[in-house]
Each structure stands twice: as C-alpha cells, then as structure tokens.
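J.: Got a structure for you, questions after.
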Amino acid sequence: NFQYMEEKNIKMALNDNKAGMEGLDRDKINKIIMESSKGSKFYENEVKREQQVNQRIDKMMLQKEQITEQHLKKAQAQVARMVVELEKRRDLTRVIVHVDMDAFYAAVEMRDCPELKDKPMAVGSMSMLSTSNYHARKYGVRAAMPGFIAKKLCPNLVIVPTNFDKYRAVSSEIREIFADYDPNFMPMSLDEAYLDFTEHLEKRQSWPDSLRTHHYRASSNPKGIAPNMMLAKVCSDKNKPNGQYRLPSTREAVMEFVCNLPVRKVSGIGKVSEKLLNALGISSCSHLGQKMALLSLLFSETAWHHFLQVSLGLGSAFIPRHEERKSMSTERTFKEMSAAEEQLSLCRELCEDLANDLKKEGLKGKTVTLKLKNVNFEVKTRALTLSYPVATADEIFAVAKDLLKTERDNESPQPLRLRLMGNQIKQFN
DNA sequence: ATACATACC
DNA sequence: GACTGGTATGTAT
Numbered sequence: 010n011f012q013y014m015e016e017k018n019i020k021m022a023l024n025d026n027k028a029g030m031e032g033l034d035r036d037k038i039n040k041i042i043m044e045s046s047k048g049s050k051f052y053e054n055e056v057k058r059e060q061q062v063n064q065r066i067d068k069m070m071l072q073k074e075q076i077t078e079q080h081l082k083k084a085q086a087q088v089a090r091m092v093v094e095l096e097k098r099r100d101l102t103r104v105i106v107h108v109d110m111d112a113f114y115a116a117v118e119m120r121d122c123p124e125l126k127d128k129p130m131a132v133g134s135m136s137m138l139s140t141s142n143y144h145a146r147k148y149g150v151r152a153a154m155p156g157f158i159a160k161k162l163c164p165n166l167v168i169v170p171t172n173f174d175k176y177r178a179v180s181s182e183i184r185e186i187f188a189d190y191d192p193n194f195m196p197m198s199l200d201e202a203y204l205d206f207t208e209h210l211e212k213r214q215s216w217p218d219s220l221r222t223h224h225y226r227a228s229s230n231p232k233g234i235a236p237n238m239m240l241a242k243v244c245s246d247k248n249k250p251n252g253q254y255r256l257p258s259t260r261e262a263v264m265e266f267v268c269n270l271p272v273r274k275v276s277g278i279g280k281v282s283e284k285l286l287n288a289l290g291i292s293s294c295s296h297l298g299q300k301m302a303l304l305s306l307l308f309s310e311t312a313w314h315h316f317l318q319v320s321l322g323l324g325s326a327f328i329p330r331h332e333e334r335k336s337m338s339t340e341r342t343f344k345e346m347s348a349a350e351e352q353l354s355l356c357r358e359l360c361e362d363l364a365n366d367l368k369k370e371g372l373k374g375k376t377v378t379l380k381l382k383n384v385n386f387e388v389k390t391r392a393l394t395l396s397y398p399v400a401t402a403d404e405i406f407a408v409a410k411d412l413l414k415t416e417r418d419n420e421s422p423q424p425l426r427l428r429l430m431g432n433q434i435k436q437f438n
C-alpha cells in the first residue's frame, strides 16, 4: 500500500492538466500547497479518500492475478468482434466544433476593469476560486483552489468576487452567435458549447471569422474541430490560449491523434480512472487499445465500452438534443453548526430556495434528498421517494426535516457537527 | 430505491 | 481563518 502514498500522489498536489501551466516551478508550488493544507480536516479527508482509491487498485490487481491466458484470449476475440462493429459505424462526415471561452470569468472582469489585465487575478473568494488569468497561472494559481492558498503562491494576487449575472449576460450574447452557426448547439456551461458545423460549411464554404473577432473581445475562444464530440473537446484544449485546432476527418489522422493522447485528457476520464488505468500500465490512449482485453475483464461493461471507443477515436458524431432536466438542488457551506434548531431553520430556508427554483420551471418531483457534510468533510445523503410529486417549501421540508431528525437521532448523544447542508429533488413527471 | 463515488464546469 | 455549488451518471447493495 505504501507505494501509492508518496506526497506527490496525494490529491492536494498541483493539478497541471490545464492550459497555461507549463514550465513553472512545480516543486516549489507543490511545497507551498502542501504546507497550507497539511493537518487540516480537508487534507485528512483527502488522504482517507486517496486510501480508498488505493484499496480499489489493490483489489483490481488481485483480480488481475486470477486472469488466465484462456480468459484473455476469449476476451480478445470479443473485443476484436466489437472493434469490427464499431469500425463499420465510424462516421467521419460530420464537423463538430467545441468552443470554450478561455478563463471566461477572469476575461469578463478584465474587460470591465482593464487595470487587471497586467496583474495576476482570480475570480472567487478566499475560500474558493473559480478561475484565474494567465498571469496568475504562472504562479500556480488555478480554478478550484482556495483563495488563501493562492495568496500564498502569489501575494499580489487580486481576487475579484464572482459576478454571475454579468457572466450570464455575456454568455447569452455569445450563445446568439453560436445559434447563427448551429441553432441546435449544445451549451455545456456559461462559457462552453458544442456546435455541429456541417450544415453551415455546406452552405458557406468558409470558416467564420466572427467567432474570433466578434465585438466581445475580452475573451479569446479556442476551438476544437473534429469529426466527433469526444475529439473536438480534446482539440479545443490543444492550442490554448488563443488558437484553434482542426483534426482532419480521416481515419489515419484520428488514429494518430489518439495514439499519443494521455487518457486524462479525455472527458469522462478523471483523476480516479486515470490512477486505476496507470496501475495497469496505461497512460495513453494507444495503451488503452493494447490492453482492451484485460480492461474488459476488470471493468464494468459501460466502462470498457467507453474505453474502447476512446481508443478508436470514436465519439458522438451528432449533437444530441437538449435533455430534460433530471434533478434540481441547492446546497450551502457554512461555519460549524451543531444546534438542532439552527439546523432545522437552515433546512427550512434551503427548502424555500429549492421550491422557488422549482416554481420557475414549473416542476414537481417525487424524491427528496438531504445532503449533509460534517466538519470532517464526510458527506452523507438521505433520500425518500413519495408516491406523489411535491413542489412547495412546506412539502419538501416535511420530508427533509424527518430525514434530518433521523440522522440526528442516529448520532445522538453526539450532535451533528455540520459544515454543509443541501436539498435535492428528482423524479419529475 | 438508496447511498456513495466520480466527473464535469 | 478560510477547500464551492449544480447536474449527471456510474457502481454497489
């Protein structure tokens, strides 16, 4: 087990899987991050989670030991059959674009306050940053880093509070432009979207400049252009901060691109999957292809099917139409709260907020879920499904307060020492 | 159906 | 001193 426990493997370390983070003093940065985190409840919890992942790896390695040549051969045949099927359906006829405004929130703030352009700045608070500009990234300051640690890395860092209404406004301008190119484009967040350019290109024969030179200049917008969504997403990351990258629509180009692609770059393969794969000697997508038989024996069907598609450079060649929402939730973090009455009134407040949001979309749901995080960062969810859909604050609270009471009773005589509470509702009609 | 984990922005 | 919030989906029971 110890082999996984070196500091550099613990999750705290600088995540440099992001544009603008090349060639900085990683050791120094990691040392500062580590010193700011060590001993905190947050850190302790991260270590615990890390150990759970390591146990998963140990279990997987034991399973691997049990696999015989016979098993592998059979699996290999199955994989080969599947590859034939997938190749038959490979579609290189579409042109999918992934657009991603670079450092979006920071870019909007710099547009509105040009002095910030020459300074390292980030958007967020001392508790959490949501993005940083490129000056700040040189110091290792990045999204999802708490501001107080960022300040240690870069004492001159300017932290601008988040201004969502502003970002939403800019976002809707940008979306109007997207709609000109593909009325069915798929927004992934305020600053990111997939577009199907196929039709547009058939009509106009040329690449639009306006996506680059539109009056909104505060933010550059890298594009990834490829025959499917999976590849377009990876491509958009390629020439950040300013460029675009087009992957030709040929099987050879796709396979060559995918060959050297680190698995972590693929959307859907995060930190944990990367670590599991690394333990099997897999770091690039070509390794993924080479070890498919093994993967099919160690992972779930959904997981290995996904891996197989990635290894072949396959992804969705059309942009699925926007799905109905499946859940809605509100959660809040706060200073330690242990008093029952206080927790109850907060719960009530959250239910009211949630009911408000539900009303805006005219939704009612049958499953109510209460989420609790204690001061040790341990998260619990407790759910109850009703036979009828609910929407009002009173109805939701009636369920949530019982879930909360049950939890408190289970812990008593110890109180629930909370740092976060949340309510979720799902199972809409 | 429920709980928890992973992933994305 | 301070380590988010919202949504979807996978995995396990």
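First residue of the first sequence: 10, per this note's numbering; consecutive thereafter. Backbone N, C-alpha and C fix where the C-beta goes; we use that ideal spot for every residue, glycine too.
Can you tell me the Cα-Cα spacing of Val408 and Ala188, whole angstroms?
T.: Spanning the two alpha carbons is a distance of roughly 42 Å.
J.: Would you mind working out which of Phe157, Asp36, Ser49 sits nearest Phe386, comparing C-alpha positions?
T.: Among Phe157, Asp36, Ser49, the Cα nearest to that of Phe386 belongs to Ser49.
J.: Would you mind reading off the limits of the beta strand (DSSP E) that contains Val399?
T.: Its beta strand (DSSP E) spans residues 388 to 399.
J.: Taking 6 Å as the cut-off, is the CB of Lys126 close to at least one heavy atom of the ligand NAD?
T.: For the structure depicted, the ligand NAD is absent and the ligand set is empty, with no information on it obtainable.
J.: Would Ile291 be called buried (16 or more neighbouring beta carbons within 10 Å of its own) or exposed?
T.: Classification of Ile291: buried, given that the 10 Å Cβ count is 16 or more.
J.: Taking just the CA atoms, how far does Asn251 sit from Phe266?
T.: Taking the straight line joining both Cα atoms gives about 20 Å.
J.: Does the pairing of the stretch 188 to 207 with the stretch 104 to 115 give three or more beta-carbon distances under 8 Å?
T.: Yes, they touch.
J.: Would you kindly work out how many angstroms separate the C-alpha atoms of Met238 and Lys280, rounded to a whole number?
T.: Those two C-alpha atoms are separated by around 21 Å.
J.: Skipping 5 residues on each side, what residues in its chain have a beta carbon closer than 6 Å to that of Val263?
T.: Only Gly322 meet the Cβ criterion.
J.: Under the rule that 16 or more other beta-carbon atoms within 10 Å means buried, what is Phe437, buried or exposed?
T.: Per the 10 Å Cβ criterion, buried.
J.: Is Glu261 helix, strand or coil by DSSP?
T.: If DSSP states are grouped into helix, strand and coil, Glu261 belongs with the helices.
J.: State the Cα-Cα distance for the pair Arg221 and Gln64, rounded to the nearest angstrom.
T.: Residue placement at Arg221 cannot be trusted, given a pLDDT of 49 that sits under 50; what the coordinates show is reported in the next sentence. Taking the straight line joining both Cα atoms gives about 47 Å.
J.: Would you report the Cα separation of Ser305 and Gln87, rounded to the nearest angstrom?
T.: For Ser305 and Gln87, the distance between alpha carbons rounds to 9 Å.
J.: Whose CA, out of Leu372, Val117, Tyr143, Pro129, lies closest to the CA of Cys163?
T.: Checked all of Leu372, Val117, Tyr143, Pro129; the closest Cα to Cys163 is Pro129.
J.: Who are the Cβ neighbours of Tyr13 in its own chain at under 6 Å, not counting the five residues just before and after it?
T.: Because Tyr13 sits at a pLDDT of 28, beneath the cut-off of 50, its placement in the model cannot be relied upon, and the following sentence gives the value as read from the coordinates. Counting only Cβ-Cβ distances below 6 Å, and skipping sequence neighbours, we find Asn63.
J.: Which residues bound the alpha helix (DSSP H) around Val92?
T.: Counting along the chain, the alpha helix (DSSP H) containing Val92 begins and ends at 78 to 97.
J.: Please name the residue, chosen from Lys160, Asn269, Glu261, that lies closest to Val243 on a Cα-to-Cα basis.
T.: When each option's Cα is compared against that of Val243, the closest is Asn269.
J.: Confirm, please, whether the CB-CB distance from Ala402 to Cys8 is below 7 Å.
T.: Absent from the model: residue 8. The displayed extent of the chain is 10 to 438, so no value can be given.
J.: Which of helix, strand or coil does DSSP assign to His314?
T.: Helix at His314.
J.: Count the other CB atoms, across all protein chains shown, that sit within 10 Å of the CB of Ser347; report buried if there are 16 or more and exposed otherwise.
T.: Classification of Ser347: exposed, given that the 10 Å Cβ count is below 16.
J.: In the structure shown, what three-state DSSP assignment does Asn251 receive?
T.: The answer is coil: DSSP assigns Asn251 none of H, G, I, E or B.
J.: Could you tell me which of Leu367, Asp205, Arg90, Leu395 sits nearest to Ile234, measuring between CA atoms?
T.: Taking only the C-alpha atoms, the option nearest Ile234 is Asp205.
J.: Excluding five sequence neighbours on each side, which residues of the same chain lie with their C-beta closer than 8 Å to the C-beta of Thr259?
T.: Counting only Cβ-Cβ distances below 8 Å, and skipping sequence neighbours, we find Leu101.
J.: List the endpoints of the continuous alpha helix (DSSP H) containing His296.
T.: 294 to 299 is the span of the alpha helix (DSSP H), which, as asked, contains His296.
J.: Under the three-state reduction of DSSP, which class applies to Ile158: helix, strand or coil?
T.: Three-state DSSP puts Ile158 in a helix.
J.: Threshold first: 3 residues or longer. Then list the beta strand (DSSP E) segments lying entirely within the stretch 345 to 390, N to C.
T.: Fully enclosed beta strand (DSSP E) runs of 3 or longer: 374 to 383.
J.: Using a Cβ distance threshold of 8 Å, determine whether the stretch 124 to 144 contacts the stretch 165 to 173, with at least three qualifying pairs required.
T.: Because the criterion of three Cβ pairs below 8 Å is met, the stretch 124 to 144 and the stretch 165 to 173 touch.
J.: Less than 7 Å separating the beta-carbons of Val104 and Thr207?
T.: Yes, these two residues count as a Cβ contact at 7 Å.
J.: Mark Glu351 as exposed unless 16 or more other C-beta atoms lie within 10 angstroms of its C-beta, in which case mark it buried.
T.: Its Cβ having fewer than 16 others within 10 Å, Glu351 is exposed.
J.: In its own chain, which residues sit with a C-beta less than 8 Å from the C-beta of Tyr176, not counting the 5 before and 5 after it?
T.: Correct list, in chain order: Phe113, Tyr114, Val117, Leu199, Asp200.
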